[in-house]
Each structure stands twice: as C-alpha cells, then as structure tokens.
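Protein chains in written order, with the working numbering: chain A, 544 to 778; chain B, 133 to 339; chain C, 2 to 382. As structure tokens, the structure follows; a few thoughts come after it.
Here it is in structure tokens:
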C-alpha cells in the first residue's frame, strides 16, 4: 500500500513542479499521464464498445435469430471500419462517410432540444419565476411605495432588473445591426455592465472552490501518506 | 461520390436526428441510432492512437532531446493496454488488480494534481485581470472581490454575503441567461447550416 | 314537455348526489384508488400505474396488485400501506398490449381479499412529444427564414455584419507569429464532435489554417478526440491546398495530444512551454482546463484568442485572454470570416429570429402584468 501511495505523492509533486518551470520530472509525469490515459481508453473502448455493443449483441442476435438486429449491427460496424480507409492514401476520402453521418446526426439531434432548453425555457424563466409569479409585477412596486424597506425594494426591482439585463445582453449580440443604431447604442453600456458583473461574480464564486482543490491535495500528502509512511517505518 | 454523397448522408441523418427528438414512437430506433454512433466513433480511436504514435515516433526518429519521454508514453500505453486486456478476460486476476492500482494511484493523483494547479492559475489570472485599468475591468474586479469575500464572510462582514447573493441572483443570472439564449440560437443556426449542407467546412471545406 | 324533462333532470341530479353521499358514508373496507393509463410521450411499450391506499394501515397493512399483459399473468406488486402514492411503470415490450391490474387487500390477519379494484389500459405509441411542439415550430420557422435569406443573398443582396474585435484580431495575431518566427497553436476545444461548439470551432480552423499557410508560419493543432482529429486533419490539409502551399503541409501538424481532460491539458501545457507559440487559439467547448491552457499561453508570451459557449468558463477567458469571443460570437465567426453570402444570410436569419424572440418575450411580459399567461404559453410552451 505504501508503495502505491508513495507513487501517488511523487507524481503529484512532479506535476506541481511545473509551476517552477518545465523540468524532467514534469515531463516524465506528463508523458506517463498520456500513456496511462490512452492505454486506459483503449481498454475501455474494447470492453465497453467493441465487446458490449458489437461482439456480444452480434453473438446474441445470431443465437436468437434476430436477423434485423444483426444487419443493423453489421452495417454500423462496416461504417465505422470506413474510418480505417485513412491509412490508405488513395481511399482516404471514404472516411468522410462516417464523419458526415456522425456530424449530420448530432446536428439534427441538437436543433429541437437546443431551441427548447437554451431558448424557450430560458425566456419563460424571464417572464415568470419558478413559482409561476410574473417577474414584472406592479403589486410588488406598490408594496414598496406603501412600506419602503430594503427587502421590499429588492422584491420590487430584482425582477425588472433581471428582465432588463436579459434584453440588453440579447441586443448587444445583434450582428447585422450597425453600431450607430440607437437601440444598439442604448443597450451597449448596460449590457457590458451586466456581463462584467456576471463574469466577475462567477470568477469570484469559483475562485474559492479552486483554492480548496489544492488544499485537498496537500491534505492527501500530509494527512494520508505521511502517517502511513511514519507507521510503516516506525513499526 | 467524394462530396455529394457525404452531404446527402449528413442531410438524411440530420433529418433522422430531428425526427427522433420529436417522435416518441421512435424511442426504440433512437437507442439503435445512439448505439450506431458509439460503434462508429469507436473505430476512430485507431486513427487517434496512430496519430499519437506518429507524433512520438517522429521525435524518436529525429533524436529529439526529449525522445526518452516519448518512450515513457509508449511503454505506459502498451503496459496499460496489455494488463487491461488480459484483466478483461481474466477477472479477479493479478492483471486486473494491477490495472486497478495503475488507475487509482497513477491516473487519479495525476488528474487531481493537475486540477489542483488551477488554484495557482486562477490566482495569477485574477492578479492580471485586476491590474487592468478600464471601467469594465474595474467592474469585474469589484464584483469578483465582493463575491470572494461574500463566500467566507462572518460577523460584521455578512453584508458581503447579502450582496453576493444579490449579484448571483440578478445581474449574473441576467447575463448568463442572455448569453444562453444567444448561444442557443447559434447552436440551432449552425446545426441547420450543417444539415442543409450550407456549412461544409467539416468535410475539409472547398468545392 | 320541458317541465317533465326539467323534473327528470332534477331527480337524476339529486339521485346521483344521494348515491355519492351514500358511498361516502359506506366507505368500502378495503378502499383504494387505482389509476392505469398509457405512458405519455413514449413509443408504446409501457403503461403507468398509480395506486393510492385509502384504508388505514391497521385495517389493511399491505396490498397486492396482480398484473396481466394481454391476459397473461406477469407478476404481483406488493405495496406496503404507507398511505402514500405508489407509482410504477408496467413494461409491455410491445405496442397495443392490454394491461390489466387487479388490486387485492391483505387484512390484519394476512388474508387475501378481493379483487377490490380492476383497471385496464392499452399501451400506445405517440407521434409527437407534446412539450416539444413549440420548439419544433420555432425551428421550422428558423429554417424557412434561412431559406428565404439565402435566396436573397444568392441574388447578390448585400448583408451587413458589424465588426467583431476578436475576429479582426486573428489576422494580426497570425502576422505577429510570422514576424517572431514562432508557431501558432490552435486548440479546437476539448469536447467531442457531438458538441456544436466543436463544429463551430472547426469552421474557424479553416480560414485560420489558410492564413497560417499563406504566411508560412509553423502550425500545431493538438487534439483530444479521435473523431475531431480526423475532421481537423482534412480541414487543415484542404486549407493548405487552397492557399497553394500544399508543400508546407505536414500530417503531423494536427495530432492527438491525449484523450482525457487533464492529461490533455498536461500535454498541451508541456508543448506550449517547449515550443513557445506566439499565438494561441482556444476556440470551442472547454471545462476547467480552460484556465490552465490560457494561463500557460500567457506565461510563454503568446497572444491568446479565446472563444467558448461554456458560460462557466467565459469569466476565465475574459480575465486571462487578450481577445475573447463571447458565446454566440463563436458561432457567428465562420460566416464573418468567410464572408460567404450563404453563411451571412444565415446570420441575418439568426438575428431576425432573435428579434422575434425578444418581441414575443416583451408581449408575454406585458400580458403577464394583467395576469394573462396565454400569450406566454403560446410562444414559449
């Protein structure tokens, strides 16, 4: 156990040495990393796809006389094999078939779902909140005027500010309208303000999480490996 | 054959892609298609491995000063592959345990350490971004610092916590939502262009 | 006549009320509510079962539901009476199968009573997802609009596109690398080909590669996914041929650096510090590795031109890179750079659909002020 833990610690230190400068230790860790991952992926593709999605189903289909299934699997395998035409200079272009099938399918697949999740759902969320209450709400403004306080102000303006932000950001990214257009000129500064506030806040939000990653690694070295080493050497 | 058929295939499979998204009756067919895509894609790995091999072979052939490290890649790749494949056919064997250990004590710590490097990268990026002197960079800086403080706020500084919550709830949500809607339009437009054969760069471009 | 009819109606209504009241009084001992219906939005190979026990757990500690498909017994579901809704999907494996469910109650002594309720349903396939029809209609409108504007563009109508700073910078950035005699790196994201952002990035790769070829600058395209690799190899090769510099093209320019997220980042970081590129393009889909790549590029003194549609990574690119294509600018890039009328027509159509979305949103907001949600439901189902 100590052997493997020590390997893990040394490799971690080798990676961290990159912060000082590029050095043989980092190069070793980097190349080891690449080799391990590529080898691992080959094994995974073999076991999860070649065996589980091709060989096993074909065997099963033959056994159960499901010929339609068998034909489908064989066609897919043959199309995949077309990629290997790359190894020949002359027949290289044949590999465009699997590429265009893959690209075509995923493009078509993305159209309706992207429209739904990226656009319609988001716009709906800008008209009403999760509870179905409208974001532009005159009553909340009335409440604030009746009894002014920080919380009633927040309730009254947050919705309208959110709606305004979404609209100016959308306008900011119009491509076919000239910059002199009054609408674009009006939206420009507020849109940038919203974007920068948003990017800054997200940056700050993630910052703390990233710092804790490093603390986690140090924790492994000092609180897991070091006691194990002491224990092994000491007794 | 070289260009028309690929475009036709992209169109036909694009229509299939659209159809499986709107017709529930095609659910079974969708699963077949997803299997197809996994099967087809798996063969490309052979090209990937050959490309990686060529990249490192070139270094070795040219007696590059780092050629030793290219050997490291080859040896570990073959080692992982051999123990993994034998381990697949002999479950519970020494090979499979070794494969598991290579994964847990080589791959996992390397992964975690690279991820942990981000602590330093994010600090240096923050330092540089915050040195810029435009009003936009100042806004970015102020929002960033407020949120950083808000996430660790205590006692009298709890006001930062409230400001953070508001910044995340209103301007950040608005900005990200505006972006997401625009991105959605970009994705749909690009997809339509590919299905209709207007965008054909992925086939190498040209005529 | 009318009177008789009216009287009959009154009698009928009062009788049904009376029956209901009676039923309320005499609640059956083994009461329960079973609801069996065809699964919505599926291809007809299952039905849904909802079961609510109404007796107290003391009276009936447990229920059993016998399931039959086309009259053949399948299995028995055992439901412990927790007085909570029990939901189960009954698989039928084929369309048009009749599912019958019979509820039995087990009393405190464990004796099986019943069947206390029997329900039937037939599994049928649906021809459209009811919740995606809105998105489908919008998409069809989009396609129609693209067709119209492409037609106009083909006739030679000029389409204006405003300046995009990040894209204008590409020319200078490549020129800078040439002057410094250092390579250009192009990283088409770390996602797979399914990601439309990857395709958008590959669309930009073509003009960049062509420029690099013209300037005779060394070029390196490290890649993470094998399928993306094959596509990128084709693009770069054709770009060099189009630039008339096929002699400079080398198969090794576009190579697989590694296959996982952080091993790829480790390999590319290593390549950057050793080859010292003058310009680094980071365009496509990225995750946490975005900042590692951008920061390393900065430490070697490279100009970074980044672009992604990953909203979680945009803050890092904005903070760390010289130029950033934000979100949809990445998708607009291929039209912008190629100036091909067909692609510009699509961009114009995209703006028009966006205008329609904003208009529909404003309309929905106004109607919602008066509590009317039908406009919103019509446009954004």
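For each residue, glycine too, the CB sits at the ideal point set by N, CA and C. None of the values given here were measured: they were computed from a predicted structure.
{"query": "So which of 313(B), 308(B) and 333(B) has the shortest CA-CA distance to residue 742(A)?", "result": "308(B)"}
{"query": "Mind listing which residues of the region 609-621 of chain A have their C-beta closer than 9 angstroms to chain B's C-betas, in chain order?", "result": "612, 615, 616, 618, 619 and 620"}
{"query": "So which of 702(A), 753(A) and 623(A) has the shortest CA-CA distance to residue 175(B)?", "result": "623(A)"}
{"query": "Taking Cβ-Cβ distances shorter than 7 angstroms, what residues in chain A pair up with residue 365(C)?", "result": "670"}
{"query": "Less than 8 angstroms between CB atoms is the rule here; does residue 157(B) satisfy it with respect to chain C?", "result": "yes"}
{"query": "Is residue 318(C) buried or exposed, if buried means 16 or more other CB atoms sit within 10 Å of its CB?", "result": "buried"}
{"query": "I'd like to know whether the C-beta atoms of residue 44(C) and residue 156(B) end up nearer to each other than 8 angstroms.", "result": "yes"}
{"query": "How is residue 566(A) classed by DSSP in three states: helix, strand or coil?", "result": "coil"}
{"query": "Can you tell me the Cα-Cα spacing of residue 70(C) and residue 49(C), whole angstroms?", "result": "13 angstroms"}
{"query": "CA-CA distance, residue 267(B) and residue 261(B)?", "result": "12 angstroms"}
{"query": "Could you run through the region 717-734 of chain A and flag, in chain order, every residue whose CB is less than 9 angstroms away from some CB of chain C?", "result": "717, 718, 719, 720, 721, 722 and 727"}
{"query": "Spell out whether any CB of chain A is found under 8 angstroms from the CB atom of residue 338(C).", "result": "no"}
{"query": "Between the Cα of residue 297(B) and those of 720(A), 747(A) and 707(A), spot the shortest distance and give me the residue it belongs to.", "result": "747(A)"}
{"query": "Please list, in chain order, the chain C residues whose beta carbon lies closer than 7 angstroms to that of residue 638(A).", "result": "231"}
{"query": "Can you check whether the CB of residue 278(C) is closer than 8 angstroms to the CB of residue 184(C)?", "result": "yes"}
{"query": "So what does DSSP say about residue 314(B), is it helix, strand or coil?", "result": "helix"}
{"query": "Using a Cβ-Cβ cutoff of 7 angstroms, what residues of the region 42-67 of chain C are near chain B? List them in chain order.", "result": "42, 43, 44 and 45"}
{"query": "To which residues of the same chain is residue 571(A) closer than 8 angstroms at the C-beta, ignoring the five residues directly before and after it?", "result": "557"}
{"query": "Please classify residue 139(C): is it buried, with 16 or more other beta-carbons within 10 angstroms of its beta-carbon, or exposed?", "result": "buried"}
{"query": "Would residue 85(C) be called buried (16 or more neighbouring beta carbons within 10 Å of its own) or exposed?", "result": "exposed"}
{"query": "Identify which residue in 341(C), 128(C), 142(C) and 315(C) has its Cα closest to the Cα of residue 749(A).", "result": "315(C)"}
{"query": "Which value, in whole angstroms, describes the spacing of the CA atoms of residue 190(C) and residue 181(B)?", "result": "19 angstroms"}
{"query": "Near residue 565(A), which residues of its chain fall below 6 angstroms by C-beta distance, leaving aside the five closest residues on each side in sequence?", "result": "none"}
{"query": "Measure the alpha-carbon distance for residue 143(B) versus residue 135(C) and round it to whole angstroms.", "result": "23 angstroms"}
{"query": "Terminal residues of the continuous beta strand (DSSP E) containing residue 90(C)?", "result": "87-92"}
{"query": "To be precise: take each residue of the region 147-158 of chain C, compare its Cβ to all Cβ atoms of chain B, and keep it if any distance is under 9 angstroms. Which residues remain?", "result": "147, 148 and 151"}
{"query": "Determine the closest residue to residue 579(A) out of 267(C), 346(C) and 229(C), with distance taken between C-alpha atoms.", "result": "267(C)"}
{"query": "Give the residues of chain B in contact with residue 164(C), contact being defined as C-beta atoms less than 9 angstroms apart.", "result": "Result: empty, since nearest Cβ-Cβ is about 17 angstroms, beyond 9 angstroms."}
{"query": "Please name the residues in the region 344-359 of chain C whose beta-carbon is closer than 7 angstroms to at least one beta-carbon of chain A, in chain order.", "result": "348, 349, 352, 355, 358 and 359"}
{"query": "Please report the straight-line C-alpha distance between residue 754(A) and residue 289(C), rounded to a whole angstrom.", "result": "13 angstroms"}
{"query": "Should residue 370(C) and residue 600(A) be called a contact, given that it needs their Cβ atoms to be closer than 8 angstroms?", "result": "no"}
{"query": "Identify the contact partners of residue 268(C) in chain A, using a Cβ-Cβ distance below 9 angstroms as the criterion.", "result": "573, 574, 576 and 577"}
{"query": "Establish whether the CB of residue 288(C) and some CB of chain B are separated by less than 8 angstroms.", "result": "no"}
{"query": "Return the chain-ordered list of same chain residues with a C-beta closer than 6 angstroms to the C-beta of residue 331(C), the five sequence neighbours on each side being excluded.", "result": "201, 308 and 310"}
{"query": "Given this structure, state the Cα-to-Cα distance separating residue 229(B) from residue 127(C), to the nearest angstrom.", "result": "48 angstroms"}
{"query": "Just tell me which of 344(C), 255(C), 373(C) and 381(C) has its CA closest to the CA of residue 155(C).", "result": "344(C)"}
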